[in-house]
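Beneath this line is the structure, given in structure tokens, with notes to follow.
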Amino acid sequence: MGSDPFGQLPESGSQDAFSARNVASRHPNAQSLGQERFMFLSVFEMFKVGIGPSSSHTMGPMVAAGRFLESLRNSAFKPRGLRASLHGSLAFTGVGHATDRAVILGLAGFEPDTYDMASAEAALTKIRQGKHVTPDGLDPLSFDPETDLRFDYDLPLPGHANGLRLYATDAQGDVIRQETYYSIGGGFVLTEAELAEGGSKDDGPPVPFPFRSAAEMLEMAQTGGIGIAAMMRANELTRTSSGELDAGLKRIWDVMKACMERGLCTEGTLPGGMNVRRRAAAIRAGLEAERGTNLTAPHVVNDWISAYAMAVNEENAAGGQVVTAPTNGAAGVVPATIRYWIDHVPGAHSSRIGELLLTASAIGALIKRNASISGAECGCQAEVGSASAMAAGGLAAVMGGTPEQVENAAEIALEHHLGMTCDPVKGLVQVPCIERNGLGAIKAVSAASLALRGDGQHFVPLDAAIETMRQTGEDMSRKYKETALGGLAVNVPNC
């Protein structure tokens with residue numbers, strides 16, 4: 137790879153790296169549109185550094201615990217103890233997704249972005265022995281994981297399938313403060329009040345390109361004569377500097393790449409009790425041994441793509457550091473597609489990875505805003521399907537696609553994941569999740585290729601595919617939405 141993986145976008149064509157002000161001036165309605173209430177989703181919200189195995193079941197609960205601690209630090213209450221209860225999907229698949237572990241560590245002050253596995257293991261041992269946590273800024277708080285953390289299988293919370301309640305108690309054990317949180321996918325967390333208000337408020341300045349749909353995105357791109365990545369960059373520059381944006385994008389890829397390399401080099405079995413063997417390292421070794429021989433067939437590139445994706449998701453299943461893309465369960469699709477492009481496509485250059493990520497985040501934000509990226513809410517179509525659409529759109533962009541071809545690529549990828557259930561065997565993010573990421577990346581590459589063979593005109597708009605995914609998820613039985621109560625989870629022996 138090149139030594140400068142996140143250089144500035146080129147100065148010409150659809151990938152102009154304008155300042156936010158210059159880009160905004162190219163769209164006549166940018167200022168008035170920007171004044172409307174618009175919840176801007178940053179590339180750093182769609183791609184967040186965190187820990188496995190699940191963004192909604194591991195990262196989200198840890199974030200919620202951190203938010204609860206912060207509310208206690210800023211209150212007049214003097215808590216002496218903590219309790220927690222898990223509801224809905226967080227209860228049904230919480231053990232397999234390490235939700236209990238995430239809540240315990242979150243209440244001890246651990247955060248996904250700075251998580252260190254060795255320190256976490258030591259802290260867990262100390263908490264279980266001493267039956268208390270010692271988060272910064274608060275007095276030691278009693279907390280016995282055996283009695284103060286409850287899986288409530290009988291009381292789903294009304295706001296979302298992934299609900300948890302956190303409680304602070306006084307010296308007598310009486311509750312003096314409580315909060316309900318919902319982990320809505322991709323590491324995003326809302327309180328009960330925030331969910332009722334329609335989500336977190338965006339208190340930042342107006343953005344020049346506040347597109348709420350793919351149709352608006354294409355109209356703004358056409359009117360302004362610029363690409364999707366340039367519009368996203370302009371929006372980002374209202375919140376951060378160009379240098380900080382490029383550094384952040386570089387870090388996203390660095391973490392993705394490091395995760396993939398660990399997975400491609402590590403053998404053994406995954407935790408959780410099913411003794412699932414890691415396969416990515418062996419697949420890579422076999423592929424490298426075949427290089428230059430008459431055993432190599434053209435379709436072998438699909439095996440490389442699968443190995444890249446599976447490597448990431450094996451690391452995720454082992455509780456390693458990953459990047460939500462847009463979730464942990466789908467974390468392998470986008471990095472595998474990037475690695476395919478860099479290593480296997482002539483003319484690819486790592487200086488454009490930032491452009492790919494910005495384009496992908498635009499697609500992901502549309503899906504999250506208008507449907508869901510949560511497996512517990514809409515099944516795996518919302519996770520791997522969304523990731524495949526993001527990857528397809530990003531790949532089409534860096535391979536020279538127009539905004540219309542980018543939108544077409546994303547639509548093709550999402551359309552052909554519609555109806556996919558989330559049915560993890562034993563509640564673990566392993567079977568069928570790991571292989572599913574490989575196939576999601578392969579679909580992304582195929583979708584981008586098909587779109588680039590056309591002129592961007594197509595029958596089903598991306599907005600229609602997103603709305604169909606939302607409706608399908610709404611109609612889907614709860615047992616197929618990350619509860620491990622249906623599908624492969626009950627038809628495959630897992631003991």
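Under the working numbering, the first residue of the sequence shown carries the number 137, and numbering increases by one thereafter. A virtual CB, placed ideally from N, CA and C, is assigned to each residue, including glycine.
**Q.** Contact check, E447 vs S225, beta carbons under 8 Å
**A.** The question names Glu, but residue 447 in the sequence shown is Ala. No Cβ-Cβ contact shorter than 8 Å links A447 with S225.
Q. Can you tell me whether DSSP reads E372 as helix, strand or coil?
A. In this structure, DSSP gives E372 a helical state, which the three-state scheme calls helix.
(Q) I'd like to confirm the pairing. Which residues does DSSP put opposite V325 in its beta bridges? (A) For V325, which the question treats as bridged, DSSP gives the partners S319.
(Q) Quick check on the DSSP output: the alpha helix (DSSP H) that includes R286 runs from which residue to which? (A) Segment 285 to 288 is the beta strand (DSSP E) holding R286; no alpha helix (DSSP H) there.
Q. What residue does the beta strand (DSSP E) around D223 start on, and which one ends it?
A. With the sequence shown as reference, residue 223 is identified as His, and Asp is not the correct amino acid for it. 217 to 224 is the span of the beta strand (DSSP E), which, as asked, contains H223.
Q.
If we require 3 or more residues per run, which beta strand (DSSP E) segments fall completely within the region 247 to 312?
A. Entirely contained in the region 247 to 312, the beta strand (DSSP E) runs reaching 3 residues are, in chain order, 285 to 288, 298 to 305.
Q) Is there contact here, the region 576 to 586 with the region 519 to 534, by at least three beta-carbon pairs under 8 Å? A) With a cut-off of 8 Å, the region 519 to 534 and the region 576 to 586 count as touching, because enough Cβ pairs lie within range.
Q. Quick one, are the C-beta atoms of F228 and M198 less than 8 Å apart?
A. No.
Q. Looking at the unbroken alpha helix (DSSP H) that takes in V179, where does it start and where does it end?
A. Following the DSSP letters along the chain, one finds V179 inside the alpha helix (DSSP H) bounded by residues 179 to 182.
Q. Excluding five sequence neighbours on each side, which residues of the same chain lie with their C-beta closer than 8 Å to the C-beta of R606?
A. Excluding residues within five positions, the ones whose Cβ falls inside 8 Å are N506, A507, S508, C514.
Q) Looking only at its own chain, which residues have a Cβ that is under 8 Å from the Cβ of P539, when we skip the five neighbours before and after it? A) Excluding sequence neighbours, P539 sits near S150, M353, L354, A357, Q358, G363, I364, G592.
Q. So, A417 versus E403, is the Cβ gap smaller than 8 Å?
A. For A417 and E403, yes; Cβs fall inside 8 Å.
Q: Classify P434 as buried or exposed, calling it buried when 16 or more other Cβ atoms lie within 10 Å of its own Cβ.
A: Exposure of P434 is indicated by the presence of fewer than 16 other C-beta atoms within 10 angstroms of its C-beta.
**Q.** Element boundaries [alpha helix (DSSP H), containing I441]
**A.** 436 to 453 is the span of the alpha helix (DSSP H), which, as asked, contains I441.
Q) Under a three-way DSSP split, which group does F593 fall into? A) At residue 593 the sequence reads Gln, which differs from the Phe that was named. Shown here, Q593 sits in coil according to DSSP, grouped into three states, outside any helix or strand.
Q | the region 379 to 395 contacting the region 175 to 189, beta-carbon criterion three pairs below 8 Å | A | Under the Cβ criterion (8 Å, minimum of three pairs), the region 379 to 395 counts as touching the region 175 to 189.
Q | Length of the line joining the Cα atoms of L406 and A258 | A | L406 and A258 have their C-alpha atoms some 21 Å from each other.
Q) Can you round the beta-carbon distance between L302 and G217 to whole angstroms, since I take them to be within the 8 Å contact cut? A) Taking 8 Å as the upper bound for CB-CB distance, L302 and G217 are not in contact here, some 12 Å apart.
Q. Mapping DSSP to helix, strand and coil, what is L169?
A. Residue placement at L169 cannot be trusted, given a pLDDT of 39 that sits under 50; what the coordinates show is reported in the next sentence. Note: L169 maps to helix in three-state DSSP.
Q: Drop a sphere of 10 angstroms on the beta-carbon of R369, count the other beta-carbons inside from all chains shown, and report buried for 16 or more, exposed for fewer.
A: Burial is judged here by how many other beta carbons sit within 10 angstroms of a residue's own beta carbon; R369 has at least 16 and is buried.
**Q.** A381 versus V470 - alpha carbon distance
**A.** According to the sequence shown, residue 381 is Leu rather than Ala. Spanning the two alpha carbons is a distance of roughly 19 Å.
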